[in-house]
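Residue numbers (numbering that gives the first Met the number 0), protein chains in the order written: chain A, 0 to 332; chain B, 0 to 332.
Read through the structure below, which is laid out as C-alpha cells, and then see the notes.
There are 2 protein chains.
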Amino acid sequence: MTKPVILTGDRTTGPLHIGHYAGSLANRLAYQDSHEQFLLLADTQALTDNAHDPEKVRRSVMEVALDYLAVGIDPTRTTICLQSHLPALAELSMLYLNFVTVSRLERNPTIKDEIRTRGFGRDIPAGFLCYPAAQAADITAFKATVVPVGDDQAPLIEQTNEIVRRINSTANRKVLPEAVAVIPRAGRLPGIDGKAKMSKSGGNAIPLSASPDEISAAVKAMFTDPNHLRVEDPGQVEGNVVFAYLDAFDEDKIAVEELTAKYQRGGLGDGVVKKRLDGILQELLAPIRTRRAQLSKDPAYVLDVIRKGTEIARDRTNATKREVVEHLGLFRL
Amino acid sequence: MTKPVILTGDRTTGPLHIGHYAGSLANRLAYQDSHEQFLLLADTQALTDNAHDPEKVRRSVMEVALDYLAVGIDPTRTTICLQSHLPALAELSMLYLNFVTVSRLERNPTIKDEIRTRGFGRDIPAGFLCYPAAQAADITAFKATVVPVGDDQAPLIEQTNEIVRRINSTANRKVLPEAVAVIPRAGRLPGIDGKAKMSKSGGNAIPLSASPDEISAAVKAMFTDPNHLRVEDPGQVEGNVVFAYLDAFDEDKIAVEELTAKYQRGGLGDGVVKKRLDGILQELLAPIRTRRAQLSKDPAYVLDVIRKGTEIARDRTNATKREVVEHLGLFRL
Numbered sequence: 000m001t002k003p004v005i006l007t008g009d010r011t012t013g014p015l016h017i018g019h020y021a022g023s024l025a026n027r028l029a030y031q032d033s034h035e036q037f038l039l040l041a042d043t044q045a046l047t048d049n050a051h052d053p054e055k056v057r058r059s060v061m062e063v064a065l066d067y068l069a070v071g072i073d074p075t076r077t078t079i080c081l082q083s084h085l086p087a088l089a090e091l092s093m094l095y096l097n098f099v100t101v102s103r104l105e106r107n108p109t110i111k112d113e114i115r116t117r118g119f120g121r122d123i124p125a126g127f128l129c130y131p132a133a134q135a136a137d138i139t140a141f142k143a144t145v146v147p148v149g150d151d152q153a154p155l156i157e158q159t160n161e162i163v164r165r166i167n168s169t170a171n172r173k174v175l176p177e178a179v180a181v182i183p184r185a186g187r188l189p190g191i192d193g194k195a196k197m198s199k200s201g202g203n204a205i206p207l208s209a210s211p212d213e214i215s216a217a218v219k220a221m222f223t224d225p226n227h228l229r230v231e232d233p234g235q236v237e238g239n240v241v242f243a244y245l246d247a248f249d250e251d252k253i254a255v256e257e258l259t260a261k262y263q264r265g266g267l268g269d270g271v272v273k274k275r276l277d278g279i280l281q282e283l284l285a286p287i288r289t290r291r292a293q294l295s296k297d298p299a300y301v302l303d304v305i306r307k308g309t310e311i312a313r314d315r316t317n318a319t320k321r322e323v324v325e326h327l328g329l330f331r332l
Numbered sequence: 000m001t002k003p004v005i006l007t008g009d010r011t012t013g014p015l016h017i018g019h020y021a022g023s024l025a026n027r028l029a030y031q032d033s034h035e036q037f038l039l040l041a042d043t044q045a046l047t048d049n050a051h052d053p054e055k056v057r058r059s060v061m062e063v064a065l066d067y068l069a070v071g072i073d074p075t076r077t078t079i080c081l082q083s084h085l086p087a088l089a090e091l092s093m094l095y096l097n098f099v100t101v102s103r104l105e106r107n108p109t110i111k112d113e114i115r116t117r118g119f120g121r122d123i124p125a126g127f128l129c130y131p132a133a134q135a136a137d138i139t140a141f142k143a144t145v146v147p148v149g150d151d152q153a154p155l156i157e158q159t160n161e162i163v164r165r166i167n168s169t170a171n172r173k174v175l176p177e178a179v180a181v182i183p184r185a186g187r188l189p190g191i192d193g194k195a196k197m198s199k200s201g202g203n204a205i206p207l208s209a210s211p212d213e214i215s216a217a218v219k220a221m222f223t224d225p226n227h228l229r230v231e232d233p234g235q236v237e238g239n240v241v242f243a244y245l246d247a248f249d250e251d252k253i254a255v256e257e258l259t260a261k262y263q264r265g266g267l268g269d270g271v272v273k274k275r276l277d278g279i280l281q282e283l284l285a286p287i288r289t290r291r292a293q294l295s296k297d298p299a300y301v302l303d304v305i306r307k308g309t310e311i312a313r314d315r316t317n318a319t320k321r322e323v324v325e326h327l328g329l330f331r332l
C-alpha cells in the first residue's frame, strides 16, 4: 500500500509564526505518518509579488527551513525541497499556461481577491496572474492528491483540476491525478491586534522564534473586548484574540469552554485569561525556540537537508514532466 | 575577438517554405561565418497556439531540422537546439513574468495583432499572452545581441530589452545585454495567391521540399495582374507575385529591372516571366530537395545533430540562468 502524496509548503517571505503553526504546521506533523509528504520552500512563488526584493526571498529560505525542523518536521519522513531548484516545475508551468485562458485566470476568485489586497491595480505582474498555473505544476509534478489550503485558496485547486482534465483529455489517458483541497478545521488565526490576517509585515504576529519576553509582551498587547472595562462586566469572545488563541492552542477544551462561559457572563478579567494563554504559548514555543537556536548554529546541516530533499524532489518532478511530455506526444530527444 | 551572438529559429508547426528561405534562411547561411549562431527549434513556443495538436508540433521538429540542414546550415558552425529541452528557458521565463505587467503584455502591438489574426477573442491562452517573456528568456539565455525578426516582431525585442533593464536594475549591475532587432531588407514574401502571408495552412506556399512538378504547378497558378489580359497590354508589378518572387530570387537584378519595365510598358506575357521564375526556383530548390531526401533517410544523424546542439545550448543557457539567479541574490543550493 503506497501512502497518498500530500504537497504543501510556504512562500519564503519571512519566518513562520504561530498562525502557521495552528493553520498548517501542526497538521503536517501528523501527515508525516499517514502520507508521503513534500514540503515546498516556495521561493519562486514568493517572487511573483516580491520581485523588487529578491534578498528577502533568499534570506527567508533558511528561516522557513529552520522553522520546519524546529517544530518537528522530520526530514527522513518528509521531503523538504526548494521550488526554484526544480526545473520541471517551471517547464510544466510554461506548458500548462497553454491550457488555461487569460480570462479564466482573471476570473479566479483567489487571484481577484489577492490582486485587490496587494493593491496592484492595473499593474499586476504577469507572474502573479499566472501563479495558479504554476501551482498546478507544483501539485501535479508530485502527483499530489491531497493539498491542504486556506479557505480562500480552494479555487486554486479547482483550477489545477481543470488543467489536469485538459492535459488528460489532450493525452487521451489519465496521465495526472486530480487533487483534493483539504481545508483545516481550525480557521485562520487573527493577528494579536484583532486583524483577520496575522503577518510579519503587519507587525501583529508572534514568530515561532519569539523570546519569552516577546511572547508575554504580545499577549499583554493582545486585542480583547474593548467594552469589557470592569472584571464584573460581561465580555465578548467573538473577535477576542485571546479566546481565539485559547481555542487554537489550549488542549484542555473543557477548561476553555468554562472560561468562555464565565467571561461572557461577567466576572473574569482579561488578566486571568491572558496569563493562562501566556503560559500555554510559553510552553508551546520553548522547545521550538531551543531547537531552532541549536539548528541555526549548524546551517550546513540545514542546507544538507534542503539539498537532499531537493534531489529527491528533482527526480520525482522530472519523471512526471517526462511522462506528461511523452503522453502529450511531444518531441523527446 | 569573440563573434557577436545571434539567436534565431522557427516555430515547429510545419516544414519551411521558400518564404522562409528568402526572409531568413539565406541570411542565416551568411551569419554562420560572421556570428556565433544559435538556431532554436521552437517547439515550446509552437504550443502556445497549438496546444490542441501537440502531434503536429512534434512531427515538425524533424521537418524543420531537415530543412535547416538541407539549405546548408552547418552544425559545426551553427548550433541547432530544441527549445523544450532547455529547462533554463522555462525557468527564466517564469522569472521574467514577474518583471512585466499584464497590461504591458496586452499593449504589445505584435501580441494585439496576433490575437486578432488568430481569432482568440476573449479566449487567449495565457501562454500566448506570456510568450514575449518567453522570447526574452530565449534571447537573454544565449546573451544574444542580434535577433533577426520580421517587421511585425520588432516590438517583442523592445519588450525583451525592457525586461533586461529591469533585471539589471534589480541586480544593480549589467547581468544581461540588450539585443538589437535586425529586420531583413527583403520584405515578407507573399503567398502564390497574392495574399500577404505565405503559409502551409493557407495552401499558398511552396515548401522547400517541393517536387519539380509541384514547383511548376505553383508558378503556373501564381497570381499576377488580373487586368493584364493581352500580351501587348501594360501590366502591373505591384501585388504581382511573379515579380515579387523574381525580386527575391533572381540574382540578375538588371535583367529583372528590364523585364519589369517591359511588363509595365506592355508587350511581355505572363507566360514568359513565369517560365523564367520556374527555372530559377527549380535551380534553387533542386539541390535542397536532393539533400533533404538524402538526410531524411538518416534520421539518426539529424537526431544526433539536434542532440549535440541542444547539449551545447543547455550548458550555455544554464550558465546564464545561474548568473541571473546569483546576481539577483536568489538562493542557491
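The beta-carbon is built from N, C-alpha and C at its ideal position, and this holds for glycine as well.
Short check: CB of residue i to CB of residue j, under 7 Å?
{"i": "B:ALA312", "j": "B:LEU85", "result": "yes"}
{"i": "B:TYR130", "j": "B:THR47", "result": "yes"}
{"i": "A:VAL304", "j": "A:ILE72", "result": "no"}
{"i": "A:THR77", "j": "A:GLN36", "result": "yes"}
{"i": "A:ILE156", "j": "A:VAL146", "result": "yes"}
{"i": "B:LEU175", "j": "B:ALA21", "result": "no"}
{"i": "A:THR319", "j": "A:LEU81", "result": "no"}
{"i": "B:ILE205", "j": "B:HIS16", "result": "yes"}
{"i": "A:ARG106", "j": "B:SER102", "result": "no"}
{"i": "A:LYS199", "j": "A:GLY8", "result": "no"}
{"i": "B:PRO154", "j": "B:PRO108", "result": "yes"}
{"i": "A:VAL63", "j": "A:ALA45", "result": "no"}
{"i": "A:GLY186", "j": "A:MET197", "result": "no"}
{"i": "A:PHE141", "j": "A:VAL272", "result": "no"}
{"i": "A:SER295", "j": "A:LEU65", "result": "yes"}
{"i": "A:ILE162", "j": "A:VAL99", "result": "yes"}
{"i": "B:ILE214", "j": "B:GLN293", "result": "no"}
{"i": "A:LEU276", "j": "A:VAL218", "result": "yes"}
{"i": "A:ILE287", "j": "A:VAL70", "result": "yes"}
{"i": "A:ALA143", "j": "A:ALA180", "result": "no"}
{"i": "B:PRO182", "j": "B:ASP232", "result": "Before going further, note that residue 182 of chain B is Ile rather than Pro in the sequence given. No; because the gap between Cβ atoms is not below 7 Å, this pair is not in contact."}
Give the C-beta separation of residue i and residue j to the nearest angstrom, bearing in mind that I take them to be a contact with Cβ-Cβ under 8 Å.
{"i": "B:SER208", "j": "B:ARG290", "result": "The Cβ separation is near 10 Å, so there is no contact."}
{"i": "A:PRO53", "j": "B:LEU327", "result": "5 Å"}
{"i": "B:LEU6", "j": "B:ASP137", "result": "6 Å"}
{"i": "B:LEU91", "j": "B:LEU128", "result": "Not really, about 17 Å apart at Cβ, beyond 8 Å."}
{"i": "B:THR316", "j": "B:LEU88", "result": "6 Å"}
{"i": "B:GLY268", "j": "B:PHE222", "result": "16 Å between Cβ atoms; not a contact."}
{"i": "B:ILE279", "j": "B:PHE248", "result": "5 Å"}
{"i": "B:ASN97", "j": "A:ALA50", "result": "4 Å"}
{"i": "B:GLY118", "j": "A:MET93", "result": "So it is not a contact: roughly 23 Å between Cβ atoms."}
Grab the span of the beta strand (DSSP E) containing residue i for me, first residue to last.
{"i": "B:THR77", "result": "77–81"}
{"i": "A:PRO147", "result": "145–147"}
{"i": "A:VAL174", "result": "Neither: A:VAL174 is in no beta strand (DSSP E) and is coded neither H nor E."}
Identify the continuous alpha helix (DSSP H) that holds residue i and give its terminal residues.
{"i": "A:PRO53", "result": "53–70"}
{"i": "B:GLU35", "result": "First-last for B:GLU35: 35–41, but that is the beta strand (DSSP E), not the alpha helix (DSSP H)."}
{"i": "A:ARG187", "result": "Element bounds for A:ARG187: n/a, residue is neither H nor E."}
{"i": "A:LEU6", "result": "Segment 4–10 is the beta strand (DSSP E) holding A:LEU6; no alpha helix (DSSP H) there."}
{"i": "B:ALA204", "result": "First-last for B:ALA204: undefined, no H or E at that position."}
{"i": "A:ASP135", "result": "It should be pointed out that residue 135 of chain A corresponds to Ala in this sequence rather than to Asp. It spans 130–140 - the alpha helix (DSSP H) in which A:ALA135 sits, taken as one unbroken run."}
{"i": "B:ASP303", "result": "298–327"}
task = Name, going along the chain, the residues of the stretch 99–123 of chain B whose beta-carbon falls closer than 7 Å to a beta-carbon of chain A.
result = Cβ contacts with chain A come from VAL99, THR100, VAL101, SER102, LEU104, ARG121, ASP122, ILE123.
task = Please list the residues of the stretch 162–174 of chain A that have a C-beta atom closer than 9 Å to any C-beta atom in chain B, keeping them in chain order.
result = Within the stretch 162–174 of chain A, ARG165, THR169, ALA170 place their CB atoms closer than 9 Å to a CB of chain B, listed in sequence order.
query = What are the start and end residues of each continuous alpha helix (DSSP H) run of 4 or more residues lying completely inside the stretch 214–279 of chain A, in chain order?
reply = Within the stretch 214–279 of chain A, the complete alpha helix (DSSP H) runs of at least 4 residues fall at 240–248, 252–264.
message = If the cut-off is 9 Å on Cβ atoms, which residues from the stretch 75–100 of chain B count as contacting chain A, listed in chain order?
response = Per Cβ criterion, the list reads LEU81, SER83, HIS84, PRO86, ALA87, LEU88, ALA89, GLU90, LEU91, SER92, MET93, LEU94, TYR95, LEU96, ASN97, PHE98, VAL99, THR100.
ask   = Quick one: complete alpha helix (DSSP H) runs, 4+ long, within the stretch 88–127 of chain A?
value = 101–106, 108–117
key: Cβ-based contacts, 8 Å cut-off: residues of the stretch 294–320 of chain B near chain A   = Correct list: LEU302, ILE305, ARG306, THR309.
request  = Give the residues from the stretch 183–199 of chain B that approach chain A closer than 9 Å (Cβ to any Cβ), ordered along the chain.
outcome  = none
query = Using Cβ-Cβ distances below 7 Å, what residues of the stretch 31–43 of chain A are close to chain B?
reply = Those residues of the stretch 31–43 of chain A that come within reach of chain B (Cβ to Cβ, closer than 7 Å) are ASP42, THR43.
request  = Could you run through the stretch 15–28 of chain B and flag, in chain order, every residue whose CB is less than 9 Å away from some CB of chain A?
outcome  = Cβ contacts with chain A: none found.
query = Listed in chain order, which residues of the stretch 128–142 of chain B have Cβ atoms closer than 8 Å to some Cβ of chain A?
reply = LEU128, CYS129, ALA132, ALA133
message = Tell me which residues of the stretch 272–285 of chain B have at least one Cβ-Cβ distance to chain A shorter than 9 Å, keeping chain order.
response = none
message = Closer than 7 Å between beta carbons: that is the criterion. Which residues of the stretch 255–271 of chain A meet it against chain B?
response = none
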